[in-house]
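Trainee: Residue numbers (numbering that gives the first Met the number 0), protein chains in the order written: chain A, 0 to 225; chain B, 0 to 362.
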Amino acid sequence: MDFFNDLVTNPGITKAMLPAFLETLQMTGISGFFTVLVGLPLGILLLNTAKGGLTPIPWLNFVLSSIITNITRSIPFAILMLSLIPFATLLVGVSLGPVAASVSLTIGTIPFFARLVESALRDVSTGKIDAALVMGSTKMQVTRKVLVPEALPGIIAATTTTIVTLIGYSAMAGLVGGGGLGRLAYNYGFQRYDGTVMIVTIVIMVILVQLVQILGDWFARLVDHR
Amino acid sequence: MNGSSPPRLRRNRSTVIEYSVPLFFLIAKDTPPLITVTDLRKVYQQGERTVVALDGVSLHVDAGRIHGIIGHSGAGKSTLVRCLTLLDRPTSGSVAVNNKELANVSDADLRTARRRIGMVFQHANLMDSRTTAQNVAFPLELIGTPKARIAEKVTALLELVGLTQFADAYPAQLSGGQRQRVGIARALSSDPDVLLCDEPTSALDPKTTDEILALIKSVRDRLNLTVLIITHEMNVVKQACDSVSLLEAGRIVEHGDIETVVANPTGRLSQALLPMPGKLPADLPAGVVLDLLYSGNQAADPVISSIARTFDVDVNVIAGSVEQLGEHQFAHLRIALPEGADITAITNHLLANGVAVTPKEAK
Numbered sequence: 000m001d002f003f004n005d006l007v008t009n010p011g012i013t014k015a016m017l018p019a020f021l022e023t024l025q026m027t028g029i030s031g032f033f034t035v036l037v038g039l040p041l042g043i044l045l046l047n048t049a050k051g052g053l054t055p056i057p058w059l060n061f062v063l064s065s066i067i068t069n070i071t072r073s074i075p076f077a078i079l080m081l082s083l084i085p086f087a088t089l090l091v092g093v094s095l096g097p098v099a100a101s102v103s104l105t106i107g108t109i110p111f112f113a114r115l116v117e118s119a120l121r122d123v124s125t126g127k128i129d130a131a132l133v134m135g136s137t138k139m140q141v142t143r144k145v146l147v148p149e150a151l152p153g154i155i156a157a158t159t160t161t162i163v164t165l166i167g168y169s170a171m172a173g174l175v176g177g178g179g180l181g182r183l184a185y186n187y188g189f190q191r192y193d194g195t196v197m198i199v200t201i202v203i204m205v206i207l208v209q210l211v212q213i214l215g216d217w218f219a220r221l222v223d224h225r
Numbered sequence: 000m001n002g003s004s005p006p007r008l009r010r011n012r013s014t015v016i017e018y019s020v021p022l023f024f025l026i027a028k029d030t031p032p033l034i035t036v037t038d039l040r041k042v043y044q045q046g047e048r049t050v051v052a053l054d055g056v057s058l059h060v061d062a063g064r065i066h067g068i069i070g071h072s073g074a075g076k077s078t079l080v081r082c083l084t085l086l087d088r089p090t091s092g093s094v095a096v097n098n099k100e101l102a103n104v105s106d107a108d109l110r111t112a113r114r115r116i117g118m119v120f121q122h123a124n125l126m127d128s129r130t131t132a133q134n135v136a137f138p139l140e141l142i143g144t145p146k147a148r149i150a151e152k153v154t155a156l157l158e159l160v161g162l163t164q165f166a167d168a169y170p171a172q173l174s175g176g177q178r179q180r181v182g183i184a185r186a187l188s189s190d191p192d193v194l195l196c197d198e199p200t201s202a203l204d205p206k207t208t209d210e211i212l213a214l215i216k217s218v219r220d221r222l223n224l225t226v227l228i229i230t231h232e233m234n235v236v237k238q239a240c241d242s243v244s245l246l247e248a249g250r251i252v253e254h255g256d257i258e259t260v261v262a263n264p265t266g267r268l269s270q271a272l273l274p275m276p277g278k279l280p281a282d283l284p285a286g287v288v289l290d291l292l293y294s295g296n297q298a299a300d301p302v303i304s305s306i307a308r309t310f311d312v313d314v315n316v317i318a319g320s321v322e323q324l325g326e327h328q329f330a331h332l333r334i335a336l337p338e339g340a341d342i343t344a345i346t347n348h349l350l351a352n353g354v355a356v357t358p359k360e361a362k
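Encoded structure:
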């Protein structure tokens with residue numbers, strides 16, 4: 000009975016849980032939005048500038064692929080985030096809180112998402128691209144009217160995976176001053192040995208991830224006519 | 000798009016009437032060639048190795064005809080298609096449609112030029128995210144055609160290919176033959192002069208193949224198009240083509256109207272179109288064996304019985320094929336004559352009747 004009593008009386012749940020949850024949503028939302036905004040064009044560029052792509056530009060592809068994407072992805076996220084604190088301060092004026100954490104989250108997730116987009120686009124058969132070119136499409140038209148619409152189910156799946164990853168990363172961001180459910184679990188669950196808060200946080204995270212995945216799968220099926 | 004017959008029909012009728020005239024008879028062109036390919040070469044560099052995929056291909060296809068290019072895999076068919084549509088730039092040579100050069104133009108001109116060629120692909124290559132109607136509308140969207148005009152045109156095209164009731168279906172819901180019909184409608188939506196078909200029936204079953212070839216022919220007649228079909232199936236050439244080129248190792252090794260190539264008994268295309276077994280039956284009685292090749296109404300004429308009657312010999316047909324090719328019927332028969340028959344007189348009789356005679360070795 001203690002556990003259930005604790006659920007409705009523990010200030011870590013009754014007072015701190017909702018704001019923390021909203022902060023997590025805020026971090027995931029902001030960084031998810033900007034990740035897609037930048038990562039989608041970057042994924043398209045990665046594919047189109049590659050050898051055998053629509054507009055092969057070897058040097059640009061080298062810079063985007065080898066330098067930016069691979070180097071960023073090879074730095075562990077926790078370290079990347081700490082090292083980006085000065086940049087976040089410069090960009091949004093604060094070094095702590097969910098908005099500052101969103102900057103690092105976005106920068107850390109863009110390369111990951113761009114690679115997923117690139118691979119989704121790569122699955123569009125060359126026959127469709129050839130057909131569009133033979134019908135007189137410009138390269139822009141091929142990208143907008145063929146590559147992206149045909150790869151949309153894959154791009155939505157990539158977005159779902161990215162948001163799930165972001166929810167996880169946002170918890171990690173909580174540890175280094177980002178706030179959200181991650182910090183709540185750390186402060187109450189770890190530092191105060193408050194098992195109830197820890198369990199509730201985990202349950203909320205699991206439900207959140209399940210919801211995102213179900214929603215993403217449903218939406219991907221909706222646009223998938225293959 | 001009027002209903003008048005293309006010029007080739009007139010020409011064929013004249014050959015039907017004068018069927019005793021050798022089929023090699025050259026006919027002056029009464030229409031300018033619509034597709035002209037001149038000395039097309041494509042050389043790839045594969046590491047250290049230099050691969051000559053096309054080694055000086057020249058051909059022309061007259062307006063309103065269906066021309067087949069046949070070849071085994073590796074003969075250079077795919078490279079030829081990619082060079083004709085300028086998906087790959089040829090190393091040298093020229094490709095012209097309606098006397099308008101395609102091979103050496105800027106990218107912007109190339110896109111305009113490509114719209115003169117409607118292309119049908121082996122696997123249709125439809126966009127899975129678009130419905131039938133949206134797929135057919137694709138080439139029109141590219142050039143910013145107004146929505147109302149697109150709707151009219153798509154309706155007309157779907158009616159032409161018989162898919163009106165599938166306008167809102169996605170490609171995944173269609174059969175292979177229906178997808179290919181959508182592909183044909185899409186290829187026609189930009190009002191091309193030329194329909195270029197790359198293995199259009201190779202992924203289809205025989206019945207659907209017949210339907211698609213019939214559709215291509217009817218589309219040619221109704222829209223006055225010139226059609227180029229690249230294929231490895233001799234059956235496609237038999238059913239649909241007016242003229243044919245044999246592509247081998249990047250070269251055109253035989254070329255001509257179906258009637259012309261079939262009538263050449265030593266030609267490879269003739270042997271492929273009207274095949275004859277290579278070996279003679281082992282239990283054949285002693286005598287002389289002749290291969291006869293003739294065309295036109297003769298196929299219905301009693302050539303065999305006329306030999307039997309005139310020369311009073313027993314004629315034994317031991318192999319043969321009779322085919323309707325284009326407007327004509329062709330027969331390729333192997334006959335055995337008994338020992339003592341007057342072979343010279345019989346041969347002369349046959350030659351005088353326009354039958355090509357090839358003696359096989361006597362038994």
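We put the CB at the ideal spot given by N, CA and C, even for glycine. Predicted, not measured: the structure shown is a model, and the values here were computed from it.
(1) Taking 8 angstroms as the threshold (C-beta atoms), are B:D54 and B:R64 in contact?
(2) Sort B:P191, B:I306, B:V314 and B:K359 by Cα distance to B:A344 and report the nearest one.
(3) From the beta carbon of A:S136, is the nearest beta carbon of chain B less than 8 angstroms away?
(4) Taking any Cβ of chain B, which residues in the stretch 119-136 of chain A have a Cβ under 7 angstroms from it, in chain order?
(5) State yes or no: is the beta carbon of B:A171 nearer than 8 angstroms to at least one beta carbon in chain A?
(6) Compute the beta-carbon to beta-carbon distance between B:A340 and B:V287, rounded to the nearest angstrom, for a pair I have assumed lies under 8 angstroms.
(7) Let me know if A:M16 comes out buried or exposed under the rule of 16 or more other beta-carbons within 10 Å of its beta-carbon.
(8) Could you tell me if B:L349 is buried or exposed, where buried requires 16 or more neighbouring beta carbons within 10 angstroms of its beta carbon?
(9) Helix, strand or coil, according to DSSP, for B:A367 in the structure here?
(10) Starting from B:F329, trace the beta strand (DSSP E) both ways and give me its first and last residue.
(11) Measuring alpha carbon to alpha carbon, tell me which residue in B:H66, B:A62 and B:T49 is nearest B:V243.
(12) What are the boundary residues of the alpha helix (DSSP H) that includes B:Q133?
(13) Let me know the secondary structure DSSP gives A:D129 once reduced to three states.
(14) How is the beta strand (DSSP E) around B:A318 delimited, first residue to last?
(15) Could you tell me whether the Cβ of B:P138 comes closer than 8 angstroms to any Cβ of chain A?
(16) Return helix, strand or coil for B:C196, following the three-state DSSP convention.
(17) Just the Cα atoms here: how many angstroms apart are B:S188 and B:L224?
(18) Taking three-plus beta-carbon pairs below 8 angstroms as touching, is the stretch 165-185 of chain B in contact with the stretch 123-136 of chain B?
(19) Could you check if B:P363 is buried or exposed, using at least 16 other CB atoms within 10 Å of its CB as the buried criterion?
(20) Please tell me whether B:D220 has its Cβ less than 8 angstroms away from any Cβ of chain A.
(21) May I ask you to report which of helix, strand or coil DSSP gives B:A355?
(22) What does B:D127 touch in chain A if you count any residue whose Cβ is under 7 angstroms from its own?
(23) Tell me whether A:D216 sits in a helix, a strand or coil according to DSSP, three-state version.
(24) Quick test of your reading: B:L272 and B:L324, contact by CB under 8 angstroms. State the CB separation rounded to the nearest angstrom.
(25) With DSSP as the reference, label B:Q45 as helix, strand or coil.
(26) Can you list the residues of chain A that B:R113 reaches, using a CB-CB cut of under 8 angstroms?
(27) Write down every uninterrupted run of the beta strand (DSSP E) in the stretch 212-247 of chain B whose length is 3 residues or greater and which is fully enclosed by it, in chain order.
(28) Suppose contacts are defined by Cβ-Cβ distances below 8 angstroms. Is A:T160 in contact with A:T108 by that definition?
(29) Check for me: the beta strand (DSSP E) holding A:Y168 runs from which residue to which?
(30) List the whole-angstrom C-beta distance separating B:V135 from B:A184, where the pair is believed to meet the contact cut-off of C-beta under 8 angstroms.
(31) What residues from chain A crowd round B:F120, counting only those whose CB sits closer than 9 angstroms?
(32) Measuring straight from C-alpha to C-alpha, what distance separates B:L86 and A:D129?
(33) Could you pull out every residue in the same chain whose Cβ sits closer than 7 angstroms to the Cβ of B:A202, ignoring the five residues on either side in sequence?
Mentor: In terms of the structure at hand:
(1) Using a Cβ distance threshold of 8 angstroms, B:R64 and B:D54 do not count as a contacting pair.
(2) Out of B:P191, B:I306, B:V314 and B:K359, B:I306 has the C-alpha closest to the C-alpha of B:A344.
(3) So, interface residue.
(4) For the stretch 119-136 of chain A, the beta-carbon criterion of a distance under 7 angstroms to any beta-carbon of chain B is satisfied by G126, K127, D129, A130, L132, V133, M134, G135 and S136.
(5) Taking Cβ atoms only, chain A reaches closer than 8 angstroms to B:A171, which makes this a yes.
(6) Right, the Cβ-Cβ distance comes to about 7 angstroms (below 8 angstroms), so this counts as a contact.
(7) Buried, since its Cβ has 16 or more Cβ neighbours within 10 Å.
(8) Buried: at least 16 other Cβ atoms inside 10 Å.
(9) Residue 367 of chain B lies beyond the range of chain B shown here (0 to 362); nothing can be said about it.
(10) Unbroken beta strand (DSSP E) run through B:F329: H327 to P337.
(11) That would be B:H66, whose Cα lies nearest to the Cα of B:V243.
(12) Per DSSP, the unbroken alpha helix (DSSP H) holding B:Q133 starts and ends at T131 to L141.
(13) Note: A:D129 maps to helix in three-state DSSP.
(14) In the DSSP annotation of this structure, the continuous segment of the beta strand (DSSP E) that includes B:A318 starts and ends at N315 to L324.
(15) Taking Cβ atoms only, chain A reaches closer than 8 angstroms to B:P138, which makes this a yes.
(16) DSSP places B:C196 in strand when its eight states are reduced to three.
(17) Cα-Cα distance, rounded: 13 angstroms.
(18) Note that the stretch 165-185 of chain B touches the stretch 123-136 of chain B; at least 3 beta-carbon pairs, one per stretch, sit closer than 8 angstroms.
(19) This structure cannot speak to residue 363 of chain B, because chain B is shown only from 0 to 362.
(20) No, because no Cβ of chain A sits closer than 8 angstroms to the Cβ of B:D220.
(21) In this structure, DSSP gives B:A355 an extended state, which the three-state scheme calls strand.
(22) Residues of chain A passing the Cβ test: E149, H224 and R225.
(23) A:D216: helix per DSSP, three-state reduction.
(24) Yes, B:L272 and B:L324 are in contact; Cβ-Cβ is about 7 angstroms, under 8 angstroms.
(25) Residue state for B:Q45 is assigned as strand, using DSSP reduced to three classes.
(26) What B:R113 touches in chain A: L132, V133, M134 and G135.
(27) Within the stretch 212-247 of chain B, the complete beta strand (DSSP E) segments at least 3 residues long are 225-230 and 242-247, listed from N- to C-terminus.
(28) Cβ distance not < 8 angstroms, so A:T160 and A:T108 don't count as in contact.
(29) Membership of A:Y168 in any beta strand (DSSP E) is not indicated; the residue belongs instead to the alpha helix (DSSP H) covering V147 to A172.
(30) A Cβ-Cβ separation of about 5 angstroms places B:V135 in contact with B:A184 under the 8 angstroms criterion.
(31) Around B:F120, the beta-carbon contacts reaching into chain A at under 9 angstroms are G126, D129, A130 and V133.
(32) One C-alpha to the other measures close to 7 angstroms.
(33) Excluding positions up to five away in sequence, the list reads Q121, H122 and G175.
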